[in-house]
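Q: If you scroll down you'll find the structure; I have some questions about it.
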Amino acid sequence: MEGTLQQFADYTRESFFTDYLGISPRRLDFAPGDTVSFNVSAVNADTAYQVIESLKLTEAYTGLDFQVTTAANAVITFREDDAGFYTDQLQVADGIMARVEINLSPTFAGGDTGLGNRRFQLITHEVGHALGLGHSGPYNWGADYDTDAVFSNDSWFTTIMSYFTQSTAGAPATYSNPHTFQSADLVAIEDLYGSFAAFTGDTVWGFNTNISSDTSAVLADMSNLLAKAAFTIKDDGGTDTIDLSNFTVNQRLDLRGTSKDSSDLKASNAGGEIGNLVLAPGTVIENGTTGSGNDELIGNQVANRLSGGAGNDTLTGGGGADVFQYTSGNDLITDYSLTDDQLDLPTGAALSYADSPNGVVITVGDLGSITLTGRLKSDFVTEPEPTPEPTPEPTPTPEPDASPSPEPQPEPQPEPSPVPVSEPEPEVTTPVAPAPGPTPTPTTPTRPDPTPTPEPAPSLTPINETPAPSPSQVPEPVLQPVPVTSIRTEPNNAADVVDVYAAVEVVPQVTATQTGSNNFINTGIIIGDINQQSYVPTAVEPVSAEPVSSASAPVQLSAELVQIISPEVVTDFTRKDLKQTPVSEYRLFSADHITGLKPKSMKGLRKKHVLNTSVEQMSYFSEDQLRFVKGNRFTVLSPDQFTVIEPLMPSLKAKQLKHLPDYSITQEVIDLMSNKQLAALEFI
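Sequential numbering of the sequence shown, starting at 143, is according to our numbering.
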């Protein structure tokens, strides 16, 4: 079953200890605002920097005041040896930890320094243990998802205390190292230490941030780290902005939040990654900005200001009186309200209108267009009834006189010609751009007024509320036909882009012993995560729960599949056909199926297909086929899969080589590459 955030929080702070370890839950005896001392004298300078930045971020989110000391009796002491990563919870009395020691291997994960790496994630994971959090399932030192996961959504996407990567549990996210406590962790920490209001001012997250590195270097540099790390934003007040404006890739920015009792996290795809940005329960962000890609922006229940930047963007405001800021490109607004919402358009741009099957298309000069779903041209432009031509009164005919002598008749007067009347011009309701809110700066972004006063002309006012101007006052609108532009509305398919970091099987080196009274543990409990001596990267795990065919087991084609997809049918596959082939059927492809695929159809090979390709199947790939596989599909290759295709390296394009896993760039592989390939990889 899927676990809610509260269920995850209950497990990590309580059930892990009571049900799995058979001991009492524990925590530090502090509350937000209290000082917690820590000692980094025994670790090298690079590790000390990572520890300090991890604790600065923890302080920003929890309110616990971490202060460095050289005293031997510090509450948290960090040390390093080659035994791996683990935490000793020492001197526990009545559920309160008096001291904690955290061991950090100096060489694990290549001894990475700074931010944006696996080592920083592990340090924050150990800080979670120091605060009293256990793992999110009944495992310690090592785990297997199929047998150990209590919740089907147990992964780094939900909690940093998990042993499983995002893709292992099928989360809507690619592999990424969490650099903050995740949503379930923040719920658990609040349960342990009380609520704390973080970032209550007008905060800008991402580019143009006003978070200083003194507060947190991790949050201050979030715009650069998003390409390789995952973040959960905790923001408890102010008018706030997420600014992703300098990215050129396609993005998805979702401002919707979640609740403690939900498992549904609304993730954003930022900086080229998928599912790497989430909002913590209770966090409300008012404004969102993306870059020059074809982006999707989704607002929430409050008044939002959404700006897609350049590119063909799709915007949905949600509830509230929203402002949609247009820059350029062919944008689509899915829920524009004539009474509540506003458009912020470039000053001086000529506007024209045309109906389309998707809604009214507003052409904005030579910048592009905006399509408003469900709206009509008549919502903005109306043709008034023409003024009728005056009819002259006829000249009365005199009554005949009865006298014998007829009176002379007066000469008939000529009929007066009617005064020519000009054809009235159509009435136009022009969408008036509201006064634009300030561009997010390190100062205070302005939240748009959800109920604009009558002084500034409201945008896109309904016609029935507009006083009819005289014909001479109506400007002639430009009404040339506007072609309907195809707008990309299909969301990113997270299942198509996955990566893994295999769980590590290790053996604990230390056994906890209990001495003294029943409620006091001198040596404490050791929560072990990585035994450095046992660490060996293993092959990637498939997204599906079904086992991947091994090289030793020949691929067997079922009779049912032969009826569905025969080798002869596969030879006519297009890239779309291959893309839509279920993994359950793709796993059964024989040598004839693989070799029969046209090279160009390999563009449809998805990451989940690569993850579920057996070593035997991989051996059937030809050079021509491999050249058409999309570059980012190579990121999920296992060492065994790579060994099979290694001889084909000379056939790969530079954009494919750039996506090869780090472990694959060996001297043997470099020797196989051409000078052109090496130059593309900047090896020469």
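Idealized CB from N, CA, C, for every residue including glycine.
Keep in mind the model is a prediction, meaning the values are calculated, not measured.
Any idea if N442 is buried or exposed, counting beta-carbon neighbours within 10 angstroms, 16 or more meaning buried?
A: buried
Q: On a CA-only basis, which of L232, G510, Q209 and D497 is nearest T524? Give me that one, please.
A: D497
Q: According to DSSP, is V346 helix, strand or coil?
A: It is a strand residue.
Q: When the distance is taken between beta carbons, is V786 closer than 7 Å to L753?
A: no
Q: For D152, tell me which candidate among V292, W283, V242 and N181 has the shortest Cα-Cα distance.
A: V292
Q: For the alpha helix (DSSP H) holding R717, just list the boundary residues, first then last.
A: Unbroken alpha helix (DSSP H) run through R717: R717 to K721.
Q: Is the separation between the beta-carbon of Y468 and that of L487 shorter than 7 Å?
A: yes
Q: So, with DSSP's three-state summary, where would you put S196?
A: helix
Q: For E243, name the three-state secondary structure that DSSP assigns.
A: Strand, per DSSP.
Q: So is M143 buried or exposed if we call it buried at 16+ other beta carbons inside 10 Å?
A: M143 comes out exposed.
Q: DSSP puts Y305 in a beta bridge; with which residues?
A: According to DSSP, Y305 bridges with nothing at all.
Q: Roughly how many angstroms lie between the CA atoms of H321 and V360, to the nearest whole one?
A: The straight-line gap from Cα to Cα measures roughly 8 Å.
Q: So, at 6 Å on beta carbons, what are the nonlocal neighbours of D455 in its own chain, with the 5 sequence-adjacent residues on each side left out?
A: D437 and D473
Q: Return the Cβ separation of G348 and D385 in integer angstroms, given the expectation that the two are a contact with Cβ distance under 8 Å.
A: 4 Å
Q: Tell me which residue opens and which closes the beta strand (DSSP E) that Y287 is part of.
A: In the DSSP annotation of this structure, Y287 is not part of any beta strand (DSSP E); the continuous alpha helix (DSSP H) holding it starts and ends at Y287 to D290.
Q: Does Q324 come out as helix, strand or coil in the three-state DSSP assignment?
A: coil
Q: Can you grab the Cα-Cα spacing for the pair P592 / D464, in whole Å?
A: Reliability of the predicted coordinates at P592 is poor, the pLDDT of 44 falling under 50, and no value is obtained from them.
Q: Out of F227, H271 and N295, which has the shortest C-alpha to C-alpha gap to F158?
A: H271
Q: From the DSSP output, which residues share a beta bridge with N429?
A: T383 and R447
Q: Tell me which residues share the same chain as G738 and place their Cβ nearer than 6 Å to its Cβ, disregarding the 5 neighbours each side in the sequence.
A: P709, V712 and T713
Q: Are T316 and I440 closer than 7 Å when you measure CB to CB?
A: no
Q: Measuring straight from C-alpha to C-alpha, what distance separates E688 and D288?
A: Since pLDDT at E688 reaches only 36, below the 50 mark, its modelled position is unreliable, and no value is offered.
Q: Identify the continuous beta strand (DSSP E) that holds S365 and give its terminal residues.
A: Careful: S365 lies outside any beta strand (DSSP E), inside the alpha helix (DSSP H) at M364 to L367.
Q: Short of 7 Å in beta carbon distance, which residues of its chain neighbour S387, apart from the five on each side in sequence? Order them along the chain.
A: F349, T431, T432, G433 and G451
Q: Quick check on DSSP: helix, strand or coil for L768?
A: helix
Q: Among S756, V242 and L790, which one has its Cα closest to the Cα of D782?
A: S756
Q: Under 6 Å Cβ to Cβ from D508, same chain only, skipping five residues before and after it: list those, please.
A: none
Q: Note down the Cα distance separating L419 from P499, rounded to an integer number of angstroms.
A: 34 Å
Q: Whose C-beta lies closer than 6 Å to the C-beta of T160 among residues of the same chain, with five residues either side of it excluded?
A: none
Q: Where Q263 and D188 are concerned, what is the direct C-alpha to C-alpha distance, given to the nearest angstrom?
A: Approximately 15 Å, taken between the alpha carbons.
Q: Is T212 near S183, with beta carbons less than 7 Å apart?
A: yes
Q: How many Å lie between L246 and N181 at the Cα?
A: Whole-angstrom Cα-Cα distance: 13 Å.
Q: Which one of V426, V503 and V210 has the shortest CA to CA distance from T400?
A: It is V426 whose Cα lies nearest to the Cα of T400.
Q: Going by C-alpha distance, which of E788, Y762, A372 and K797 is nearest N774?
A: K797
Q: The alpha helix (DSSP H) with F262 in it runs from where to where?
A: R260 to A272
Q: Hey, would you say S743 sits closer than 7 Å to R769, going by beta carbons?
A: no
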